[in-house]
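Worksheet: one structure, shown below.
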Amino acid sequence: MIRIEYATQRLSLRFFMLMLVLFFFQTGFGLLLAAQHVDPALLAGVLNFNVIRAEHTNLAVLWILSGFIGTILFVGPLLSKRELAAPALIKFLFYALIAIVLWNVATQVLAQTGVAGWWHGEPLLQEGLEYLEAGRIADVVILIGFAILCYVVLRSFPPLSKWNEIHWGLGIGVVALTLVWIFGMFFVERLDLQEYFRWYVVHYWVEGVWEVIHISLVGFLLVLMFRADIKSVGYAVFWGISLVWLSGLIGNAHHYFWIGTPEFWQFWGSLFSALEPLPLIFCFWHIYLDAHQDGKPIRNMPAFAFLLGSVVLEQVGAGILGFTMTFALTNVWSHGTWVTLSHAHLALFGTFGMLGIAAAYYAVPIMRGVTGFDQRHGKLAFWLVFTSMLGLGFAFAIGGTVQVFTYRTLGLDWFGGDVAPAMQFAKLMAPLFGTLFTVGVCLLAYDLLTLGLTKPAPSARRAQETAAMAARAPSRWGRRLTGWEAGLWLLGLWVAGAVITLGLLSFNLPFVQQGHAALPYLMASIGYPGLFIVTLLFVWRFLSSLEARTHVDAGLPLATAAVAPSASG
Amino acid sequence: MSCVEGEPCVEGRKRRRAVLALGLMAVIFLALSAVSFLDSRGQSVPNTVTYAGHEAVAGKRVFQAYNCMGCHTLVGNGAYFAPDLTGLYDKVGPAWLEAFLPSAGAWPTGAAVRVQLADSDVAAESGVATLDEYLAKYPAAAERIERRSSHASTMPNLPLTRSDVRALIAWLKYTSSMNTEGWPPVPRVDGIAVRRASLAAAASLPASAGIAASGSAASGSAASADAVPSEEARGESLARDFGCVACHAADARRLVGPGWGGLYGSSVPLADGSTVQADEAYLVESIRTPDAQVVAGFTPGSMVSYAEILDPEQIAAIVAYIRSLGENTR
């Protein structure tokens, strides 16, 4: 597909552009947080840490949602084989989204002076609950926005009897997105009950709803990119979603270990959330299958790179790092420390952020009518954000391990005098990788914002580049990736994950509790770098093997599956 | 598991079973949830907890309004920039929190905690009357005073009113009384000793060196009282020991209360619209009964009365110190 088929697909462009702008500012706030961790006096009293953090997490949610909306609007007409319903409402949704972003950014600052806007017991302006900091006014407007999205998606889809699994996934996804949000719209007096419902929104959004939307969209993007058979993708989507819910529904219990709810949650949470990686392994396997169902070169490498990054970081950040801290015996240590940050950053940005960027890289050139574009910026940006996000994950994980020992094992609770100085090395790494990440974000935002608007690169240079690449013989690193090899890489990732898990478990050993940190530190310094290096090498290997296809087209046998008819016609 | 080309991929029975299993899990989850919040569990609830007449639920509203969770954690959830607050009340006790929260930018001194204990509400909630008893009952407060007092904290001063502070303490009293199933884990070693031993080993110094260094700040006033310092110097050390400097800067900056630099002799606008000359009599009265003449822009009740804590000589020394910080002859 090199041009759009339905005019209303163009409505997605503005959401992708908004996504990039919000992503840029979110990254900027993140960099400020990292700087404040190094020097807590920075901007103290002017822009306090808690305000910047609220902006950082809220913008993360909002730009990911903006990317989701853009992707759904772009694939919606292709899925429905007709134009989107109510384009005027979609335009309204866009301006409402901008308004709510500005409103929320402004109201979060009120936390510095303790203004929540209490009215009939509800905080209208901001409510100071992690991830749900938005006040009631913003909550209601966001709910209306979700309802509009539901209306547009459901009205655009064909009649229910003609739905395939992707329709069901997206349909259920947008409706659940709206319903689950409601659980965060009440002031709850009891702390345990408040946390219980807060995780309804946070966990069921991420694990129940976003994951479902993610699986559906990844599936359909694979259909579009590789002309994968929509039936087999639909099959994968159905079982992917089923596994997500079968594990994630009770898996939410891993948030109920220590909030004042009974001990039995530790059993249910440990058991079911240990199963949560299963759908992710399934998804991982399917991106391999679909990318290898024919041997054709990848026409849009940045889009595929980010899609692969999304599925791989989902495996690493959500699957493996989530697994390491999901057992009551490891969670009792990792809970409330930087260890959690490592998981959160890789999982949230990796899984959902990279999907939005992948979709943007796929859709923007098509909407701007670009047939061939200079992909080097996109590829470089991918490697910058991918590598530096792994680096950030490393900084957080190592800092977190030191924090667990200092804070929990030794019981030193003076953050300024004991905990922060012990974490100093990790605290310095965070802004370093953060700066690198910011460079990548600037590059990809610039690239996507201007893609197709500037004159194409001189053809001479491109010809030169192509010639240079063709001259490079396909190395062993670029040979075809077999299923066995992909399985071995996955095994490597999980071995590192096992080392990390055992490292966290070792905090339970009596001699570690007597003040000897060597064992958990050793396990962490093998496990985390091991995990991130294997991740990096695997993605490099995967992309190299696809990159090499350009030159060895004739030499490779096509995959067994015949080229399936494109779903989009 | 994959769908092979050409084979029927919709396995109706398998899929129906998956949906049934999901329904079963939803039932299990909801049943567990219902049991979790039964009254018979005996979990503490906020609407039965009060502190000095302030309700814990009111404290929750303050806690959310200031987005405390954006730096701290509570039951381990929140940011990881500052300590977990769940069990803090039980560890440090109410008087330490009363001394810390209004001027969070600096760690309270022992004398500042003693000032709070003079309040009968605080003493009643603490269950002790004197500072020595308090420190024995709340060893974490003793440790904080020994190691941290006179250091700046990394928390900003927040514009909390006196009732905000008490409501927050009520909220922390509630969270301390919660059963969190053994979290956070209780340390099995004396972490400070382990840290000092490893520091000493690294620097090949005797392990006691660290203790001496950190203990000196608290005991400084007793040592310097033997010499005969000037009245201003005595005032300065009193101001430090009694925690005055946590709220009052030595220059004209506003920390929590008005800055002392250039204050003496200046004309001060009051909340009732009048102005007053900040002479010796006014400053003495402000220390003894702070709410008698409140400066414009400040809330009454922010500062406790020092009439029963400082004798006239000590107050005179502090006023002499304020005078030494710059006299305004305008």
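In order, the protein sequences belong to chains V and B.
Just so you know, numbering that gives the first Met the number 0 puts 32 at position 33 of the first sequence, and the rest follows in order with no gaps.
Just so you know, numbering that gives the first Met the number 0 puts 251 at position 252 of the second sequence, and the rest follows in order with no gaps.
Glycine included, each C-beta is placed from N, C-alpha and C at the ideal position.
At least one CB of chain V closer than 7 Å to the CB of Arg252/B: is that the case? Here residue 252/B is taken as the residue at index 253 of the second sequence, counted from 1. Cβ-Cβ to chain V under 7 Å: no for Arg252/B.
Range covered by the alpha helix (DSSP H) that runs through Thr595/V: The question about residue 595/V has no answer here: the residues shown for chain V are numbered 0 through 568.
By the 8 Å beta-carbon criterion, what residues does the stretch 39–63 of chain V contribute toward chain B? Pro39, Ala40, Ala43, Gly44, Asn47, Phe48, Asn49, Val50, Arg52, Ala53
Between Glu4/V and chain B, is any beta-carbon pair separated by less than 7 Å? By 1-based counting over the first sequence, the position of residue 4/V is 5. So, not an interface residue.
Which class does Gly256/B belong to by DSSP, given the choice of helix, strand or coil? Translated into positions along the second sequence, residue 256/B becomes position 257. Looking at Gly256/B - three-state DSSP - the assignment turns out to be coil, as it is neither helix nor strand.
Residues of chain V with a CB under 9 Å from the CB of Tyr65/B: which are they? Counted from its first residue, the second sequence places residue 65/B at position 66. Here the neighbours are Asn49, Ala110, Gln111, Thr112, Gly113, Ala115, Gly127.
What did DSSP end up calling Val551/V once you bin it into helix, strand or coil? In the first sequence, counting from the first residue as 1, residue 551/V sits at position 552. Low confidence applies here, because Val551/V scores a pLDDT of 45, under 50, leaving its location unreliable; read the following figure in that light. Here Val551/V sits in helix by DSSP.
Quick one: is Glu262/V near chain B, going by C-beta distance under 7 Å? Residue mapping note: residue 262/V aligns to position 263 of the first sequence, counting from 1. Taking Cβ atoms only, chain B reaches closer than 7 Å to Glu262/V, which makes this a yes.
According to the neighbour-count rule (16 or more other Cβ atoms, all chains shown, within 10 Å of its Cβ), is Tyr94/V buried or exposed? For the purposes of this step, residue 94/V is taken as residue 95 along the first sequence, with counting starting at 1. Exposed is the call here.
Lys80/V classed as buried or exposed, judged by whether at least 16 other C-beta atoms fall within 10 angstroms: Here the question's residue 80/V lines up with position 81 in the first sequence. So Lys80/V counts as exposed.
Which residue comes first and which comes last in the beta strand (DSSP E) that contains Thr160/B? Position 161 of the second sequence, counted from the start, is the residue given in the question as residue 160/B. Where Thr160/B is concerned, there is no enclosing beta strand (DSSP E), given that its DSSP letter is neither H nor E.
Please tell me whether Glu180/B has its Cβ less than 7 Å away from any Cβ of chain V. Here residue 180/B refers to the residue found at position 181 when the second sequence is read from its first residue. Glu180/B counts as touching chain V.
CB of Ser341/V within 7 Å of CB of Leu328/V, strictly: Numbered from its first residue, the first sequence carries residue 341/V at position 342. Numbered from its first residue, the first sequence carries residue 328/V at position 329. No. Outside cutoff.
Taking a cut of 8 Å between CB atoms, which residues from the stretch 327–347 of chain V lie near chain B? Val331, Trp332, His334, Gly335, Thr336, Trp337, Thr339, Leu340
Where Asp83/B meets chain V, residues with beta-carbon distance less than 9 Å: As a first step, residue 83/B must be located in the second sequence, where it is residue number 84. The contacting residues are Gly335, Tyr406, Asp412.
Proximal residues of chain V, C-beta to C-beta of Pro186/B below 8 Å: Walking along the second sequence from the start, residue 186/B turns up at place 187. Chain V residues near Pro186/B: Arg407, Thr408, Leu409, Gly410, Gln512.
Give the range of the beta strand (DSSP E) segment to which Ser266/B is assigned. By one-based count along the second sequence, residue 266/B stands at place 267. Here the beta strand (DSSP E) through Ser266/B covers 266–268.
So does the stretch 173–181 of chain V actually touch the stretch 142–159 of chain V, counting three or more Cβ pairs closer than 8 Å? yes
Neighbourhood of Leu41/V by C-beta distance below 6 Å, restricted to the same chain and skipping five residues each side: Taking the first sequence and counting its residues from 1, one reaches residue 41/V at position 42. So the qualifying residues of the chain are Ala34, Gln35.
By a C-beta neighbour count over all protein chains shown, 10 Å radius and 16 as the cutoff for buried, is Ala319/B buried or exposed? Sequence index remark: in the second sequence, residue 319/B carries index 320 (1-based). Its Cβ being crowded by 16 or more others within 10 Å, Ala319/B is buried.
So that I know if they touch, is there some Cβ in chain V lying closer than 7 Å to that of Ala78/B? One-based indexing of the second sequence puts residue 78/B at position 79. Yes, contact with chain V.
Since Val621/V is in the beta strand (DSSP E), which residue starts that stretch and which ends it? Here chain V has residues from 0 to 568 only, and residue 621/V is not among them.
For Leu254/B versus Asn156/B, is the C-beta distance shorter than 7 Å? Within the second sequence, the letter at position 255 stands for residue 254/B. Within the second sequence, the letter at position 157 stands for residue 156/B. Taking 7 Å as the Cβ cut-off, Leu254/B and Asn156/B qualify as a contacting pair.
My guess is that Arg226/V and Val44/B are in contact by the Cβ rule of under 8 Å, so how many angstroms apart are they, rounded? Start at 1 with the first residue of the first sequence, and residue 226/V comes out as number 227. Start at 1 with the first residue of the second sequence, and residue 44/B comes out as number 45. Not quite, the Cβ-Cβ distance comes to about 59 Å (not below 8 Å), so this is no contact.
Which listed residue (Leu10/V, Leu306/V, Leu492/V) has its alpha carbon closest to that of Thr534/V: Here residue 534/V is taken as the residue at index 535 of the first sequence, counted from 1. The candidate whose alpha carbon is nearest that of Thr534/V is Leu492/V.
Between the Cα of Gly168/V and the Cα atoms of Glu126/V, Val217/V, Leu128/V, which residue gives the shortest distance? For this step, residue 168/V is matched to residue 169 along the first sequence. Residue Val217/V is the option with its Cα nearest to Gly168/V.
With a threshold of 7 Å on Cβ separation, who are the neighbours of Val203/V within its own chain once the five nearest residues in sequence on each side are excluded? Position 204 of the first sequence holds residue 203/V. Position check: residue 203/V holds Tyr in this sequence, whereas Val was assumed. Cβ neighbours of Tyr203/V beyond the five flanking positions: Val179, Asn251.
With the cut-off set at 7 Å, would you say His247/B and Gly234/B are in Cβ contact? Against the second sequence, residue 247/B aligns to sequence position 248. Against the second sequence, residue 234/B aligns to sequence position 235. No, the pair does not count as a contact, with Cβ atoms beyond the cut-off.
With a threshold of 16 other CB atoms inside 10 Å of the CB of Ala217/B, please say whether the residue is buried or exposed. Residue numbering aside, residue 217/B sits at position 218 when the second sequence is read from its first letter. Here Ala217/B scores only 43 on pLDDT, less than 50, and its place in the model should not be relied on; the value that follows carries that caveat. Buried, since its Cβ has 16 or more Cβ neighbours within 10 Å.
Given Leu312/V as reference, the closest of Val538/V, Ala59/V, Pro76/V, Leu77/V once Cα atoms are compared: The residue labelled residue 312/V in the question sits at position 313 within the first sequence. Looking at the Cα atoms, Val538/V is the closest of the given residues.
Would you say Gly41/B faces chain V, with C-beta separation under 7 Å as the test? The residue labelled residue 41/B in the question sits at position 42 within the second sequence. Judged by the 7 Å Cβ criterion, Gly41/B is not in contact with chain V.
Can we say the stretch 188–204 of chain B touches the stretch 399–419 of chain V, given the rule of at least three CB pairs closer than 8 Å? yes
Check the DSSP bridge columns for Leu262/B and list the partner residues they point to. On the second sequence, residue 262/B is found 263 positions in, with the first residue counted as 1. Bridge partners of Leu262/B: none, in fact.
I need the boundaries of the beta strand (DSSP E) containing Val275/B, first residue and last residue. In the second sequence, the residue the question calls residue 275/B occupies position 276. Where Val275/B is concerned, the enclosing beta strand (DSSP E) stretches over 274–276.
Pick out whichever of Trp95/B, Ala33/B, Gln63/B has its Cα sitting closest to the Cα of Ala110/B. Sequence index remark: in the second sequence, residue 110/B carries index 111 (1-based). When each option's Cα is compared against that of Ala110/B, the closest is Trp95/B.
Given a threshold of 16 other Cβ atoms within 10 Å of its Cβ, counted over all protein chains shown, does Asn66/B qualify as buried or as exposed? Counting from one through the second sequence, the residue named residue 66/B turns up at place 67. Label assigned to Asn66/B: buried.
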